[in-house]
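Here is the structure we will look at.
Residue numbers (the working numbering): 19 to 349.
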């Protein structure tokens, strides 16, 4: 397994090294041996010209995650089989489970089983935040735009999606957009690198364009206008070309969820444990600890995400330890 951290520029990498050195000098010393630091190529022109900060930040995050995938692709034939498109606000679900025979060692097999099912889990907007509220109406509008912009990208343009989307696979994407069927982060956001290679070659303009970029996916990345909520694009590509389908989990996660991303903000009573997810949010863990949803431990999730925003009580030990080591942090 490889751990690759992607930084926007060299300045961000230097800041990371200086900060982490105060917590664990060994982590910094292990750079490029136990983990690899990758500085993304200069941001594409379209990103630097964007004036809306929120949109620019979301697309920058998408660019960095896809750049990490491109970095792995450029390391063929030594590239791994899969990549995970993750944010940095992570920790192991069970911090004591790092042995060679522990649950963490089964990460690859769990990804392989998930991919073999060829389905993306979600719920339609009718089963999310109520649309008769101001928040619900805004959420539905935003989610539909996000789903559509990703679908338009992977099919090759708005005209194709609006007027020439006739195959059964493309109609599934139309159904997803029309029903606002949100599948964001409902399980580990894995990427099969062989699939990603085919996807990026298509979106980049074909094999000839890759050759023009010196057969470097990292160079090709600068010509691609990546979309926000980047893993949705990969999911939709898999529905179009890899035999995947969408699966409605409303009966398992109950009738409502915050944003429809039921792994981020589950409704009370949601039986996430039945899904055996590879990861859960800090908010979900806090709800399980409070008895609002069933205990998650039997599902043996491997990662905990959003530890910096959704359940501060989960990360208080981390903050206390950092402050003890002289690092100022405000969470």
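Glycine included, every Cβ here is placed at the ideal spot set by N, Cα and C.
Here the structure is a predicted model, which is why all the values come from computation and not from measurement.
When DSSP labels each residue in this structure, what does residue i get in the three-state scheme?
i	result
residue 54	strand
residue 184	coil
residue 130	helix
residue 286	coil
residue 266	strand
residue 337	Low confidence applies here, because residue 337 scores a pLDDT of 48, under 50, leaving its location unreliable; read the following figure in that light. Residue 337 falls in the helix class under three-state DSSP.
residue 248	helix
residue 49	strand
residue 21	coil
residue 241	coil
residue 323	strand
residue 261	coil
residue 299	strand
residue 65	helix
residue 309	coil
How long is the line joining the alpha carbons of residue i and residue j, rounded to whole angstroms?
i	j	result
residue 62	residue 319	36 Å
residue 315	residue 32	37 Å
residue 39	residue 45	7 Å
residue 34	residue 20	19 Å
residue 80	residue 58	12 Å
residue 224	residue 234	13 Å
residue 70	residue 108	27 Å
residue 239	residue 313	41 Å
residue 307	residue 219	45 Å
residue 180	residue 251	17 Å
residue 47	residue 53	10 Å
residue 305	residue 94	42 Å
residue 99	residue 324	26 Å
residue 178	residue 132	30 Å
residue 200	residue 140	5 Å
residue 243	residue 309	43 Å
Can you have a look at residue i and say buried or exposed, based on whether 16 or more other CB atoms are within 10 angstroms of its CB?
i	result
residue 194	buried
residue 299	buried
residue 184	exposed
residue 67	exposed
residue 186	exposed
residue 166	buried
residue 333	Low local confidence applies: a pLDDT of 43 at residue 333 is under 50, so the model's placement there is unreliable, with the coordinate-based value given in what follows. Buried, because 16 or more other Cβ atoms sit within 10 Å of the Cβ of residue 333.
So residue i packs on residue j, CB below 8 Å; how close in whole Å?
i	j	result
residue 311	residue 290	6 Å
residue 86	residue 101	7 Å
residue 162	residue 296	Incorrect: roughly 27 Å between the Cβ atoms, too far for contact.
residue 138	residue 262	6 Å
residue 322	residue 111	5 Å
residue 207	residue 259	That pair is no contact at about 18 Å.
TODO: May I have a chain-ordered list of the beta strand (DSSP E) segments no shorter than 3 residues that lie completely inside the region 151-229?
DONE: Within the region 151-229, the runs of beta strand (DSSP E) at least 3 residues long that lie entirely inside it are, in chain order, 208-210.
Task: Whole beta strand (DSSP E) elements within the region 85-120, 3-residue minimum - done: Those beta strand (DSSP E) runs which fall completely within the region 85-120 and span 3+ residues are 100-102 and 108-110.
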